[in-house]
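At position 104 of the first sequence the residue is numbered 124 (our numbering), and the sequence of numbers has no breaks.
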Amino acid sequence: MQPETLNFFDKVYQVAKQIPYGRVTSYGAIAKYLGAAKSARMVGYAMNGSHNKDVPAHRVVNRKGLLTGKHHFDGTNLMQQLLESEGIKVKDLQIQDFDKVFWDPANNL
DNA sequence: TGGCTGACCTCGG
DNA sequence: ACCGAGGCCAGCC
């Protein structure tokens, strides 16, 4: 579907958009799926432009299930609220049952 | 224009 | 098992 010609950012957006409801993924998972495990940083940075896209950046967290990017959202606990709104239990910036809500792109794509 | 930063992860010692 | 450093690409000053 996605030609290799697409840039890293575009690919990230494509994958992030496909994240199912009530599920979360990590930057590294997406990066690794794209074939650039070392480019996990870029995935997070790509989320910076996700604001203009329909990318649920709140469903993307770090490897520890910590909402590191919540500081980039509008309010303070907005990101946590969104996740809890989807049924995901979040303790402060730590996602509970992260293993259960974790969605691997390679698992579905 | 050139250079630094940034929502991270993996590898090496 | 723990700690330190590197790497990637694009946007912004």
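Heads up, the beta-carbon is just placed ideally off N, CA and C, and yes, glycines get one too.
Based on the DSSP secondary-structure assignment, which residues constitute the bridge partners of residue i?
| i | result |
| --- | --- |
| Leu130 | The structure shown has nothing for residue 130, since the chain only spans 21 to 129. |
| Val44 | Phe122 |
| Val81 | Ser46 |
Please list the terminal residues of the continuous alpha helix (DSSP H) segment that includes residue i.
| i | result |
| --- | --- |
| Gln34 | Phe28 to Lys37 |
| Ala66 | Ala60 to Ala66 |
| Glu104 | Leu98 to Ser105 |
Residue j and residue i - do their beta-carbons sit closer together than 9 Å?
| i | j | result |
| --- | --- | --- |
| Arg76 | Leu102 | The residue you asked about is not Arg; residue 76 is Pro in the sequence shown. Taking 9 Å as the Cβ cut-off, Pro76 and Leu102 qualify as a contacting pair. |
| Met99 | His78 | yes |
| Asn128 | Gln34 | no |
| Phe46 | Asn82 | First, the residue type needs correcting, since residue 46 is Ser and not Phe in the sequence shown. Yes; because the gap between Cβ atoms is below 9 Å, this pair is in contact. |
| Trp123 | Val44 | yes |
| Lys130 | Phe118 | Given that the chain is displayed from residue 21 to residue 129, the structure contains no residue 130 and the question cannot be resolved. |
| Val80 | Ala36 | yes |
| Lys60 | Gly48 | The residue you asked about is not Lys; residue 60 is Ala in the sequence shown. Yes, these two residues count as a Cβ contact at 9 Å. |
Closer than 8 Å to a non-hydrogen atom of the ligand MG - does that hold for the CB of residue i?
| i | result |
| --- | --- |
| Asn97 | Within the structure as shown, the ligand MG is missing, as the structure has no ligands at all. |
Compute the Euclidean distance between the alpha carbons of residue i and residue j, then round it to the nearest angstrom.
| i | j | result |
| --- | --- | --- |
| Lys73 | Val121 | 23 Å |
| Gly107 | Lys58 | 31 Å |
| Phe28 | Gly95 | 28 Å |
| Gly64 | Lys109 | 22 Å |
| His92 | Ala66 | 12 Å |
Specify whether the stretch 47–63 and the stretch 108–121 touch according to this definition: at least 3 beta carbon pairs, one from each stretch, less than 8 Å apart.
no
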